[in-house]
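Going by the working numbering, the letters in the sequence shown line up with residues 18 to 463, in that order.
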Amino acid sequence: MKKYIKFNILAMLLLGFLMVTSCETDFDNINSASADEVFNSREGLFAVTIGMTQLYSTAGIQFLTETSAITTREVAINSTFLSLIELEDGGGSGLPNSNTRVAGQWSNLLRVMSIAEDIAENTPNVDLEPGTSSALKAYANLFRALSIGTLSQNFEQVIIKTSLNNDAAFVARQAGFQEAIRLLEEANSLLSSNPVSDDFESEILKDNIDLANTIRAMLARYNLFAGSYEAAIEAANSVDLSSSSEFTYDTQNPNPIWGRVFQNDAFDFLPQDNFGIPASLNLDPTDGRLAFYLVSSNETSLNSFEIEELAGFFKNDSDPIPVYLPDEMRLIIAEAELRKASPSTSAALIQINAVRTDNNDVFGVNANIATYSGLETVDALLDEVFVNRRAELFLTGMSLEDSRRFERPEPSLTPMTFIDERNRNFYPYPVTERNNNPNTPADPSI
18 MKKYIKFNIL
28 AMLLLGFLMV
38 TSCETDFDNI
48 NSASADEVFN
58 SREGLFAVTI
68 GMTQLYSTAG
78 IQFLTETSAI
88 TTREVAINST
98 FLSLIELEDG
108 GGSGLPNSNT
118 RVAGQWSNLL
128 RVMSIAEDIA
138 ENTPNVDLEP
148 GTSSALKAYA
158 NLFRALSIGT
168 LSQNFEQVII
178 KTSLNNDAAF
188 VARQAGFQEA
198 IRLLEEANSL
208 LSSNPVSDDF
218 ESEILKDNID
228 LANTIRAMLA
238 RYNLFAGSYE
248 AAIEAANSVD
258 LSSSSEFTYD
268 TQNPNPIWGR
278 VFQNDAFDFL
288 PQDNFGIPAS
298 LNLDPTDGRL
308 AFYLVSSNET
318 SLNSFEIEEL
328 AGFFKNDSDP
338 IPVYLPDEMR
348 LIIAEAELRK
358 ASPSTSAALI
368 QINAVRTDNN
378 DVFGVNANIA
388 TYSGLETVDA
398 LLDEVFVNRR
408 AELFLTGMSL
418 EDSRRFERPE
428 PSLTPMTFID
438 ERNRNFYPYP
448 VTERNNNPNT
458 PADPSI
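Laid out in structure tokens, this is it:
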């Protein structure tokens, strides 16, 4: 983590702090607020927490979504921006570590991580009611886990603790998942001891995020990615599927995917037909998720991919985006049941059919199709889980991790091999990190 990033964030958050508290306190000099004033008061901690949420839900989601979506053919580029061309070209040499979209994902997630570290570190220094203190630390842990977990989905090695000295250490991505799990387990324990206070609920969560269920959902997600299948099943089963958590937007902080596709008719990218799922995997053409996320068109992209118009959670600037989808939990259980030491195809099939027949999803993402009728082998059911994850979790940033984990065909080293299902395994480390941090690893070959 570079010093200039941390200082720029602090300046931004100091300004936010002043705006939040201006109705209560008169400052002679609007530049006089110090880090102590921000991090050593309830108002300052709340302002920083709101800023962290906005950063992750806008710039964070924007970059983590579009990179993996382009890499795995969920979407096709519809713009001549060089950074987008490089992402779609892929291959061993087609994606340089100067790519601004990859750098945007890396830097914004590290920024979120750094802010969350500061919140967790400074919360014990402020006199708060127990439910507010526990919620602040748990919330900070959640966003640290989201940042570390997402980086671990996309890079071979990751940073799990930022540094002001330009020397942050890297760890293997599996260690990144383990750190995300540790943070979430700690957050879960904090809320078990002291549930979220009314103060934190009204000022930060605002009935938009169910913190306890979101933490459990992320525990299910990252335990699956870490290969801890029994823990993933237990966590997923603990999530209330009738609950909802979503990031909200307005004209000042618009929906970031809407901004990439609809704002000013930019259309930087558009969905590929059938979510980019290969025809050999047999997505049911009557699947309700097609109509939810896509609007049919007969257009083709710049590189001759068949594309559709975008719908779903991204049609308007203020459309909220779910933090997670309930049926992800069912698909986690199904996959974990198939991958654990003693697979259970019957247990997996129950979850698969619950997703296929769902017609009452809290967010309206309903496949609403018949139960599964194919082969009931482990391999066949894993293919079915993959198809459903691709349809259910469209544009959630999960597609690259899924493509590798389900052992979809390896990408070619040759750029512009557009028949590849994915064109990279991992992203190169941004040149900004390499130029500032001597610990930066070598870039992956593909």
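Idealized CB from N, CA, C, for every residue including glycine. Note that the structure is a prediction, hence the values are computed from the model and not measured.
Determine the DSSP secondary structure at residue i, reduced to helix, strand or coil.
i: Asp43; result: Residue confidence is low: Asp43 scores 37 on pLDDT, short of 50, so the model does not pin down where it sits. No coordinate-derived value is stated.
i: Val382; result: coil
i: Ser390; result: coil
i: Gln289; result: strand
i: Val143; result: coil
i: Pro273; result: helix
i: Glu263; result: strand
i: Leu181; result: coil
i: Glu173; result: coil
i: Ile324; result: strand
i: Ala137; result: helix
i: Phe187; result: strand
i: Ala459; result: coil
i: Asn230; result: helix
i: Tyr444; result: coil
i: Met235; result: helix
i: Phe331; result: helix
i: Ile294; result: coil
i: Asn376; result: coil
i: Ile149; result: According to the sequence shown, residue 149 is Thr rather than Ile. Thr149: helix per DSSP, three-state reduction.
i: Pro160; result: It is Phe, not Pro, that sits at residue 160 in the sequence shown. Here Phe160 sits in helix by DSSP.
i: Lys154; result: helix
i: Asn2; result: The requested residue 2 does not occur in the structure, where the chain is confined to residues 18 to 463.
i: Asn116; result: coil
i: Asp282; result: helix
i: Asn240; result: helix
i: Met130; result: helix
Thinking C-beta only, is residue j closer than 8 Å to residue i?
i: Ser361; j: Glu354; result: yes
i: Leu412; j: Ala86; result: yes
i: Ile136; j: Thr231; result: no
i: Ala186; j: Arg161; result: no
i: Thr167; j: Lys154; result: no
i: Ala152; j: Ser100; result: no
i: Phe242; j: Phe194; result: yes
i: Tyr341; j: Asn370; result: no
i: Ala110; j: Pro447; result: Just to set this straight, residue 110 is Ser in the shown sequence, not Ala. For Ser110 and Pro447, no; Cβs fall outside 8 Å.
i: Arg407; j: Phe331; result: no
i: Ser318; j: Asn95; result: yes
i: Asn441; j: Gly107; result: Looking at the sequence itself, residue 441 is Arg, so the reference to Asn does not match. Taking 8 Å as the Cβ cut-off, Arg441 and Gly107 qualify as a contacting pair.
i: Val404; j: Leu298; result: yes
i: Val129; j: Leu72; result: yes
i: Leu366; j: Glu393; result: yes
i: Asp227; j: Ser261; result: yes
i: Glu438; j: Thr89; result: yes
With distance defined between alpha-carbon atoms, name the residue in the options nearest to residue i.
i: Asn376; options: Asn440, Tyr239 and Gly305; result: Gly305
i: Pro271; options: Asp336, Val175 and Leu348; result: Asp336
i: Asn385; options: Ala308, Glu134, Asp184 and Val119; result: Ala308
i: Leu399; options: Phe423, Asp437 and Ser297; result: Phe423
i: Gly329; options: Glu345, Glu427, Asp285 and Val312; result: Val312
i: Lys357; options: Ser58, Glu247 and Val448; result: Glu247
i: Met235; options: Phe322, Leu159 and Leu127; result: Leu159
i: Met346; options: Phe286, Val372, Asp334 and Ile324; result: Val372
i: Trp275; options: Ala252, Arg233, Gln368 and Tyr310; result: Tyr310
i: Ala237; options: Thr431, Leu201 and Ile221; result: Leu201
i: Ser321; options: Thr84, Val129, Thr434 and Thr82; result: Thr434
i: Tyr444; options: Gly121, Glu91 and Leu62; result: Gly121
i: Ala197; options: Ser245, Lys223 and Ile226; result: Ser245
i: Asn456; options: Glu393, Leu145, Asn57 and Asn183; result: Asn183
i: Lys470; options: Thr70, Asp285, Ile350 and Ser429; result: Outside the shown range of the chain, which is 18 to 463, sits residue 470, and nothing can be said about it.
i: Glu91; options: Ile294, Arg59, Ala252 and Gln79; result: Ile294
i: Ser416; options: Leu145, Ala76 and Leu81; result: Leu81
Provide the residue span of the alpha helix (DSSP H) that contains residue i, from first to last.
i: Val65; result: Arg59 to Leu72
i: Asn205; result: Arg190 to Ser210
i: Ile94; result: Not the alpha helix (DSSP H): Ile94 falls in the beta strand (DSSP E), residues Val92 to Ile94.
i: Ser438; result: A small fix is needed here, since residue 438 is Glu in this sequence, not Ser. That residue, Glu438, is in no alpha helix (DSSP H); it is neither H nor E in DSSP.
i: Thr449; result: Val448 to Asn453
i: Thr82; result: Ile78 to Thr88
i: Glu409; result: Val395 to Glu409
i: Glu218; result: First-last for Glu218: undefined, no H or E at that position.
i: Arg425; result: First-last for Arg425: undefined, no H or E at that position.
i: Leu104; result: Leu99 to Asp106
At which residues does the beta strand (DSSP E) containing residue i begin and terminate?
i: Ile250; result: Counting along the chain, Ile250 falls outside any beta strand (DSSP E), though it belongs to the alpha helix (DSSP H) covering Tyr246 to Asn254.
i: Asn315; result: Leu311 to Thr317
Is any heavy atom in the ligand ADP found nearer than 7 Å to the beta carbon of residue i?
i: Asn116; result: With respect to the ligand ADP, the structure offers nothing, as it holds no ligand at all.
| What are the start and end residues of each continuous alpha helix (DSSP H) run of 4 or more residues lying completely inside the region 336-374, in chain order? | 343-356 and 362-373
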